[in-house]
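Beneath this line is the structure, given in structure tokens, with notes to follow.
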Amino acid sequence: MLETKNLGFWYQNQADTLFKEVNLQFEAGKMYAILGKSGSGKTTFLSLISALESPKEGEILYNTENLDKIGLTRFRRHHLAIVFQAYNLLTYMTAYQNVSSALDISGVKKENKRTFITESLKSVGITEDLCHKKVAQLSGGQQQRVAIVRAMITGADIIVADEPTGNLDAETGREMIALFEKIAHEQGKIVILVTHDSDIAKRSDVTYELKDKVFHVRS
Numbered sequence: 001m002l003e004t005k006n007l008g009f010w011y012q013n014q015a016d017t018l019f020k021e022v023n024l025q026f027e028a029g030k031m032y033a034i035l036g037k038s039g040s041g042k043t044t045f046l047s048l049i050s051a052l053e054s055p056k057e058g059e060i061l062y063n064t065e066n067l068d069k070i071g072l073t074r075f076r077r078h079h080l081a082i083v084f085q086a087y088n089l090l091t092y093m094t095a096y097q098n099v100s101s102a103l104d105i106s107g108v109k110k111e112n113k114r115t116f117i118t119e120s121l122k123s124v125g126i127t128e129d130l131c132h133k134k135v136a137q138l139s140g141g142q143q144q145r146v147a148i149v150r151a152m153i154t155g156a157d158i159i160v161a162d163e164p165t166g167n168l169d170a171e172t173g174r175e176m177i178a179l180f181e182k183i184a185h186e187q188g189k190i191v192i193l194v195t196h197d198s199d200i201a202k203r204s205d206v207t208y209e210l211k212d213k214v215f216h217v218r219s
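Positions 1 to 219 (full-length UniProt numbering) are the ones given, in order, by the sequence shown.
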């Protein structure tokens, strides 16, 4: 379980907090939406739970252990994977090479690495032919699929995504949400999607809405 306890954050002036006293829980096997308007602070919240920034007050726990105690870099390397809105793929590499590089960096060992990667890509609709194309030649939806596989194959327990449908058409966006649902429900991952899209909220198991500096559970 990932949880926040009395979490608070501000940039320069404590009187001008983005949010404070945030107490949220994220359980394995569920997909969560963090909903909020642009500028509400939801992306900053993602940075905090992703151990990219430290909170000004309160704490973040993973399986009851403070992230500071685990070590922010260690937490990111061993427990969490991020799918960025801009995908952050290496465009001069193929889809296969992007996933392979991520596997090497993570230190995860696979007996038949090539088969593992190609089958993982195939499971999200990236065929053998597409697998060996440079990602710059792929569509936005195909690049998003590669980015999701890159996150999945590291064995991370937590998958977070920043505006995962922001650059996609409506149909492709729905396909991506279905894929995130599958990762949560079938693989038992914690999946957290930061978004302003209310359609994602409808598909999520739990939605936390950040409004007027306060998180609300949205039913």
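We put the CB at the ideal spot given by N, CA and C, even for glycine. Keep in mind the model is a prediction, meaning the values are calculated, not measured.
Out of curiosity, what's the CA-to-CA distance linking residue i and residue j?
| i | j | result |
| --- | --- | --- |
| residue 149 | residue 124 | 8 angstroms |
| residue 90 | residue 132 | 13 angstroms |
| residue 4 | residue 95 | 35 angstroms |
| residue 199 | residue 187 | 23 angstroms |
| residue 271 | residue 146 | Any question about residue 271 goes unanswered here, given that the chain covers just 1 to 219. |
| residue 137 | residue 126 | 13 angstroms |
| residue 213 | residue 111 | 48 angstroms |
| residue 177 | residue 168 | 11 angstroms |
| residue 231 | residue 128 | With the chain running from 1 to 219 in the structure shown, residue 231 is simply not present. |
| residue 66 | residue 60 | 6 angstroms |
| residue 88 | residue 217 | 31 angstroms |
| residue 121 | residue 179 | 12 angstroms |
| residue 157 | residue 185 | 12 angstroms |
| residue 40 | residue 2 | 22 angstroms |
| residue 119 | residue 205 | 28 angstroms |
| residue 76 | residue 32 | 19 angstroms |
For residue i, which residues of its own chain have a beta-carbon under 7 angstroms away from its beta-carbon, when the five flanking residues on both sides are left out?
| i | result |
| --- | --- |
| residue 21 | 6 and 8 |
| residue 183 | 152, 159, 189 and 191 |
| residue 139 | none |
| residue 10 | 16, 17, 18 and 56 |
| residue 37 | 196 |
Between which two residues does the beta strand (DSSP E) harbouring residue i extend?
| i | result |
| --- | --- |
| residue 211 | 206-211 |
Which same chain residues, not among the five before or five after residue i, have their C-beta less than 6 angstroms away from its C-beta?
| i | result |
| --- | --- |
| residue 14 | none |
| residue 171 | none |
| residue 103 | 153 |
| residue 58 | 5, 6, 7 and 8 |
| residue 209 | 35, 216 and 218 |
| residue 134 | 94 |
| residue 207 | 33, 35, 201 and 218 |
Leaving out five residues before and five after residue i in sequence, what residues of the same chain have Cβ atoms less than 8 angstroms from its Cβ?
| i | result |
| --- | --- |
| residue 54 | 48, 68 and 72 |
| residue 108 | 153, 154 and 155 |
| residue 144 | 83, 87, 164, 167, 168, 172 and 176 |
| residue 81 | 150, 151, 152, 154, 156, 158, 159 and 160 |
| residue 44 | 9, 18 and 53 |
Taking the alpha helix (DSSP H) that residue i falls in, what are its first and last residues?
| i | result |
| --- | --- |
| residue 99 | 95-106 |
| residue 199 | 198-203 |
If we define contact as Cβ-Cβ less than 7 angstroms, is residue i a contact residue for chain B?
| i | result |
| --- | --- |
| residue 56 | The structure shown contains no chain B; it is built from a single protein chain. |
Under 6 angstroms: does the beta carbon of residue i sit that close to some heavy atom of the ligand PLP?
| i | result |
| --- | --- |
| residue 211 | The ligand PLP is not among the ligands present in this structure, which contains no ligands whatsoever. |
Every unbroken alpha helix (DSSP H) within the region 123-194, with a cutoff of 4 residues, ordered by chain: Listed in chain order, the complete alpha helix (DSSP H) runs (minimum 4 residues) inside the region 123-194 are 128-131, 140-152 and 170-187.
Could you tell me which uninterrupted beta strand (DSSP E) segments, each at least 3 residues in length, are contained entirely in the region 10-84, listed from first to last along the chain? Taking only runs of at least 3 residues, the beta strand (DSSP E) segments lying wholly in the region 10-84 are 19-22, 30-35, 57-62 and 80-83.
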